[in-house]
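Worksheet for the structure shown next.
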Amino acid sequence: MKILRQLWNQKGLDAAVENVPEDRYGFRNIAENISRSILSLPQEASNVIGIEGAWGSGKTSLLNLILKSLFQHKDGHTHVLHVSPWLSGSDPVEALFLPVATVIQQEMEKRYPPKGFKKFWRKYLLSPEAQKVIEYAQDTSSRVLPLVQYIGQFSSIINWIAGGIKVFTESRLAVDQKTTTKLRAEIAKQLVTLDLKFIVVMDDLDRLEPSQIAEVFRLVRAVADLPRFTHILCYDRQIITHAVEYALNIEDGSRYLQKIIQLSFKLPRPEAFDLRNEFRQRAEALYQQINNQPPDSGMSGDLAAVTDTYGGALSTPREIHQAINSLIFLYPGMRDFVYFPDLCLLQLIRVTNPALYDWTEHYLTERSVIETG
Numbered sequence: 001m002k003i004l005r006q007l008w009n010q011k012g013l014d015a016a017v018e019n020v021p022e023d024r025y026g027f028r029n030i031a032e033n034i035s036r037s038i039l040s041l042p043q044e045a046s047n048v049i050g051i052e053g054a055w056g057s058g059k060t061s062l063l064n065l066i067l068k069s070l071f072q073h074k075d076g077h078t079h080v081l082h083v084s085p086w087l088s089g090s091d092p093v094e095a096l097f098l099p100v101a102t103v104i105q106q107e108m109e110k111r112y113p114p115k116g117f118k119k120f121w122r123k124y125l126l127s128p129e130a131q132k133v134i135e136y137a138q139d140t141s142s143r144v145l146p147l148v149q150y151i152g153q154f155s156s157i158i159n160w161i162a163g164g165i166k167v168f169t170e171s172r173l174a175v176d177q178k179t180t181t182k183l184r185a186e187i188a189k190q191l192v193t194l195d196l197k198f199i200v201v202m203d204d205l206d207r208l209e210p211s212q213i214a215e216v217f218r219l220v221r222a223v224a225d226l227p228r229f230t231h232i233l234c235y236d237r238q239i240i241t242h243a244v245e246y247a248l249n250i251e252d253g254s255r256y257l258q259k260i261i262q263l264s265f266k267l268p269r270p271e272a273f274d275l276r277n278e279f280r281q282r283a284e285a286l287y288q289q290i291n292n293q294p295p296d297s298g299m300s301g302d303l304a305a306v307t308d309t310y311g312g313a314l315s316t317p318r319e320i321h322q323a324i325n326s327l328i329f330l331y332p333g334m335r336d337f338v339y340f341p342d343l344c345l346l347q348l349i350r351v352t353n354p355a356l357y358d359w360t361e362h363y364l365t366e367r368s369v370i371e372t373g
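Number 21 in full-length UniProt numbering belongs to position 21 of the sequence shown; there are no gaps in the numbering.
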């Protein structure tokens with residue numbers, strides 16, 4: 001049982017690359033170049049960058065390496081916010097503006113530390129600069145932000161006055177409501193004054209529901225005029241295009257994206273040889289782990305033939321994960337009854353051509369009945 005547990009990737013069945021040594025497809029150099037280009041973009045206006053790729057092509061892996069490179073090369077005034085609405089389940093407006101307000105609040109306290117009685121109450125009250133961000137977020141969002149959740153980030157003693165603060169804050173916003181344009185101008189000015197820059201990274205947009213996808217792009221469009229913001233969006237273009245068309249009831253989702261995304265980068269497809277080689281190496285390693293010996297020359301030759309022939313249909317790293325995970329799941333229990341290259345062949349067919357796999361399974365089932373009489 002312990003050996004079987006060791007065969008699995010402990011980070012998850014479909015875990016993305018998180019560190020450079022795990023990179024097998026040359027994403028490291030791409031990530032380095034993209035991160036340096038991002039940091040060199042002009043800050044006078046907002047920048048929106050799209051990283052496009054099919055499901056399973058390695059977008060999250062590339063993004064993880066980009067994030068590492070950004071943290072390594074950015075200056076102290078640049079803040080990187082990683083927003084994943086699909087994983088967090090929170091409203092994208094909250095996911096963006098609450099961290100921004102937090103950074104501004106902390107920066108104000110660092111530069112202008114409160115003294116005396118104000119020092120105590122500052123734990124519970126927003127600075128005027130952070131308040132503007134919250135007001136703008138409320139103006140942008142389709143529902144009221146949980147402001148108490150934001151304030152609670154500064155103190156755990158807030159629960160006993162949570163209800164009162166929420167009523168106070170919401171009533172204040174209703175009375176002292178500024179126009180969105182004026183708020184945007186004031187926030188832009190304070191970003192320049194505080195010399196703050198934000199890089200907002202949004203991943204897995206193609207996993208959201210159409211209405212959520214539309215909300216994300218509405219958010220990006222709402223902050224498009226704010227300087228010192230760079231947005232990096234990761235998505236499958238075909239899925240996003242159809243989702244936008246459905247959610248917004250428009251005819252051409254591609255042209256809609258062009259109005260928002262200023263720069264787009266299509267993730268290059270890994271070399272077919274690299275994909276085949278990766279599958280073969282992992283399959284041979286799996287065989288050796290289970291049998292405590294490497295495959296003999298005959299089996300290695302058959303595995304190479306299977307990989308070179310049917311592995312050519314592999315198109316994404318995720319397909320390799322799926323095929324190898326199936327082998328890990330199936331092979332230990334049937335190793336005495338199956339020829340390993342044959343099982344590899346079946347799993348390659350199952351992943352790359354499900355219809356052919358279903359037909360093969362049906363044919364062999366019927367054939368076995370005939371053969372056994």
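For glycine and all other residues, C-beta sits at the position ideal for the given N, C-alpha and C.
- Taking 8 Å as the cut-off, the Cβ atoms of Thr78 and Lys197 count as close.
- Beta-bridge pairing by DSSP links Gly50 to Leu233, Ser264.
- Its Cα nearest to that of Thr181, the residue Lys132 stands out among Lys132, Val216, Leu314, Leu62.
- Counting along the chain, Leu81 sits inside no alpha helix (DSSP H); it lies in the beta strand (DSSP E) bounded by residues 78-83.
- The Cβ neighbour count for Lys59, taken over all protein chains shown within 10 Å, is at least 16; the residue is labelled buried.
- Per DSSP, reduced to three states, the secondary structure at Val338 is coil, with no helix or strand assignment.
- Membership of Ile199 in any alpha helix (DSSP H) is not indicated; the residue belongs instead to the beta strand (DSSP E) covering 197-202.
- Taking all protein chains shown into account, Asn291 has fewer than 16 neighbouring C-beta atoms within 10 Å of its C-beta and is therefore exposed.
- If you compare the alpha carbons of Asp195, Phe217, Ala247, Val351 with that of Asp203, the shortest gap goes to Phe217.
- Proximity of the region 258-276 to the region 20-30 meets the contact definition, three or more beta-carbon pairs being nearer than 8 Å.
- Annotated three-state conformation of Thr372 is coil, per DSSP.
- With respect to Pro85, Leu208 sits close: the two C-beta atoms are nearer than 8 Å.
- Excluding sequence positions up to five before and after Ile213, its CB lies within less than 7 Å of the CB of Leu205, Ile240, Ala243, Val244, Ala247, all in the same chain and listed in chain order.
- For the options Ile104, Trp55, Asn19, Glu44, the alpha carbon positioned closest to that of His321 is the one of Trp55.
- Leaving aside the five residues that flank Val351 on each side, the residues in its chain whose CB is nearer than 6 Å to its CB run, in chain order, Glu319, Gln322, Ala323.
- Secondary structure note for Gly298: its alpha helix (DSSP H) is the uninterrupted segment 297-310.
- Inter-segment contact for the region 297-307 and the region 279-289 is present: three or more beta-carbon pairs are separated by less than 8 Å.
- For Leu263, the closest of Ile34, Ala313, Ile328, Val338 by C-alpha to C-alpha distance is Ile34.
- Scanning its chain for C-beta atoms nearer than 7 Å, with the 5 sequence neighbours on each side dropped, one finds no residue around Gln72.
- Setting aside the 5 residues that flank it on each side, Gly53 is surrounded in the same chain by Lys59, Leu267, each with a C-beta closer than 6 Å to its C-beta; the list follows chain order.
- For a cut-off of 8 Å, the C-beta gap from Val80 to His231 is around 12 Å, too long to register as a contact.
- In the DSSP assignment, Gln72 falls within the unbroken alpha helix (DSSP H) covering 59-73.
- For Leu219, the enclosing alpha helix (DSSP H) stretches over residues 210-222.
- For Ile250, the secondary structure class from DSSP, reduced to helix, strand or coil, is coil.
- Counting along the chain, Gln288 sits inside the alpha helix (DSSP H) bounded by residues 272-291.
- Between Arg276 and Gly253, the gap from beta carbon to beta carbon reaches 8 Å or more.
- For Asn29, the enclosing alpha helix (DSSP H) starts and ends at 27-39.
- Ala16 carries a coil assignment under DSSP once its states are collapsed to helix, strand and coil.
- It is roughly 10 Å from the alpha-carbon of Leu41 to the alpha-carbon of Phe229.
- Asp206 sits in a helix when the DSSP states are folded into three classes.
- Looking at Leu330, Ile187, Tyr112, Glu107, the one whose alpha-carbon comes closest to that of Ala137 is Ile187.
- Each residue's CA atom was taken as its position, placing Trp359 and Pro317 some 25 Å apart.
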